[in-house]
Structure formats: structure tokens, C-alpha cells
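Trainee:
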Amino acid sequence: MKKFRVAQIQYAPVLGNEEGSMENFRELIFSTRHRADLIILPELANAGYNFRDRNHAMQHAQTIEESEFIDWLRRWALMHETNIVTGFLEKEGDKLYNSSVYINKRGKKEVYRKVHLFMHEKKIFDRGDKGFPVFQMGEYKLGMLICFDYLFPEPWRIMALKGADIMAHPSNLVTDNAFKIVPVQAIMNGYYIFTTNRIGSEGDITFAGKSFAVDPKGNQLAIASADLPEVVTTKIDLELAKDKMITPDNHVLNDRFPQDYGDILK
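In the working numbering, the protein residues as written are 320 to 585.
1. Going by CA-CA distance only, name the one from 455, 565 and 417 that's closest to residue 484.
2. Work out the CA separation of residue 511 and residue 559 for me, nearest whole Å.
3. What do you reckon, are the CB atoms on residue 545 and residue 513 nearer than 8 Å?
4. What does residue 417 pair with, by DSSP beta-bridge criteria?
5. Output yes or no for whether 8 Å exceeds the beta carbon distance between residue 362 and residue 465.
6. Given residue 562, which residues of its chain have a CB within under 8 Å of its CB, disregarding the five upstream and five downstream residues?
7. So for residue 520, helix, strand or coil by DSSP?
8. Cutting at 6 Å between CB atoms, please list the residues of its own chain near residue 475, excluding the five before and the five after it.
9. Report the rounded CA-to-CA distance for residue 394 versus residue 578, giving the unit in angstroms.
10. Check whether the Cβ atoms of residue 420 and residue 389 sit closer than 8 Å, and answer yes or no.
11. Only counting runs of 3 or more residues, tell me where the beta strand (DSSP E) segments fall wholly within the region 452-480, in order along the chain.
12. Taking just the CA atoms, how far does residue 495 sit from residue 375?
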């Protein structure tokens with residue numbers, strides 16, 4: 320049984336300040352050297368969250384290719400042969416996305432764009448346009464969702480059907496609902512989930528911290544503090560996510576009846 324090590328980096332990005340955001344996580348990521356196979360940072364890890372409006376956010380957005388933040392993480396992934404997932408304020412032409420970037424240990428970059436936008440995010444970001452992709456990570460498959468996406472069961476199931484073994488869930492959570500819902504999704508889909516939250520406050524918003532990890536049975540494997548910057552490292556056996564049997568006679572995916580679920584699309 321080969322152990323796979325996941326490091327969740329909980330910290331406070333700085334609103335509109337990529338260099339300040341990098342400064343706040345550098346010391347934390349240094350502690351993961353040779354100790355993590357996957358590193359996960361929070362939602363909008365490079366730029367903060369509570370932008371006044373779309374124009375304010377657009378002033379601080381970058382393409383993935385031009386971002387010093389992404390380039391720094393890519394070099395780290397290559398140097399330490401690790402995989403990284405990070406939230407990212409992304410622009411593409413006149414579009415603005417709340418994105419999650421996956422950088423594999425060979426430096427290849429993939430992106431997921433948040434579909435379910437929370438409250439004022441609807442006035443700032445364009446809705447994600449890449450669906451719910453799953454990416455190869457060595458022998459296993461990685462899916463990504465971002466913060467408020469957690470409330471909707473459909474993307475979790477879609478990525479399970481695409482073979483996801485592990486879900487990275489960069490977040491800027493402000494309520495406790497995810498702590499109740501995410502473990503249920505792990506059980507329903509039979510994979511690991513790592514919800515990496517941020518800490519601190521921006522304006523009238525205080526973030527909940529408490530980054531956490533759950534196994535395919537919904538058991539909590541780790542949880543961070545509510546208000547401290549820290550790295551939470553969890554050793555897991557990804558082979559357990561290959562076993563979708565919930566009883567000797569029931570398979571969490573094969574026992575579905577899609578022909579009876581048409582109403583969900585109405």
C-alpha cells in the first residue's frame with residue numbers, strides 16, 4: 320500500500336496584491352518540501368476575494384500564462400516533483416473567471432472555472448465554461464470544485480462517473496454548511512475530498528478557516544484551526560477510492576438507474 324501525501328495550505332491571501340499573497344504562503348509551502356504529493360491552496364489564492372465590483376477584480380486578474388504566481392508554483396512543482404492545485408483570479412480576453420489551476424509534477428497546467436457563483440460573485444465573474452473535467456494525476460484521477468459548488472450534487476456525481484479518485488476543493492467558506500455536506504458527497508461518490516479554506520477578514524467578510532479532509536466513507540481525516548495560517552498534511556491510500564462497494568451487494572455508481580432520473584434535467 321503506497322501512501323499519498325496531501326498538504327493543504329491555509330492562509331490569508333491579500334486583496335488585490337499578488338506579491339503579498341505569495342509572501343503569505345511561501346513560508347508555509349517551504350515546509351512541504353519532499354513531504355507532499357499534492358498541495359492544495361484556497362480559492363482565489365493569488366488575489367483575495369472581496370472585490371468592490373467587476374472592474375476592481377479585472378484590474379488584478381491575469382491570464383494563467385502571464386501570472387508570476389502560477390509560474391512560481393509551476394517551478395515549485397517541477398523542482399519538488401509534486402502536484403499543485405490553487406485558486407486563481409483568471410482573465411481571458413474580456414472574460415473574468417474564478418478558477419482553479421492544476422499543475423502536475425511535470426509542469427502541465429489544467430483549469431476548472433467555477434460554475435456556481437455565490438451572492439455578489441454573480442456581478443463580478445463569468446460563469447465557468449469548461450464543464451466538470453477530471454484530470455490524470457499519475458495512476459489516479461483528480462477533480463476540482465470551488466467553494467459554493469459544493470452545494471450542488473450534480474458536479475460531484477459527474478466527476479465520480481468520470482473516474483475521480485480525489486477531489487480538490489479550494490474555498491473561501493464563510494459558513495459551516497460545507498462541513499456537513501462535503502462528507503456526505505464523499506460517501507455518495509466514494510472518493511477523497513480536500514476542502515482547503517482561507518482565514519482572515521476582508522471588509523465585512525470573515526472567513527471560516529478549518530480546512531478539512533474526508534475519506535471515501537465520509538470520515539474526517541484532518542481539520543485545521545479556524546484562524547491560524549498552517550499546513551495540514553494527510554497520508555491517504557488512493558486505492559481505497561477505487562472500491563465503490565457500499566455493501567457486498569451494492570455499488571455506489573453501478574446501482575444507479577439513469578433512465579428514471581429524467582426529471583432532474585427539467
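Beta carbons: idealized from backbone N, C-alpha and C, even for Gly.
Mentor: Looking at the atomic coordinates:
1. Ranking 455, 565 and 417 by CA distance to the CA of residue 484 puts 455 first.
2. 9 Å
3. no
4. Beta-bridge partners of residue 417 (DSSP): 408.
5. yes
6. 509 and 535
7. strand
8. Beyond the five residues adjoining it in sequence on each side, residue 475 comes within less than 6 Å, by CB distance, of 504 and 508 in the same chain, given in chain order.
9. 47 Å
10. yes
11. Fully enclosed beta strand (DSSP E) runs of 3 or longer: 453-456 and 459-463.
12. Near 28 Å, if we compare the C-alpha coordinates of residue 495 and residue 375.
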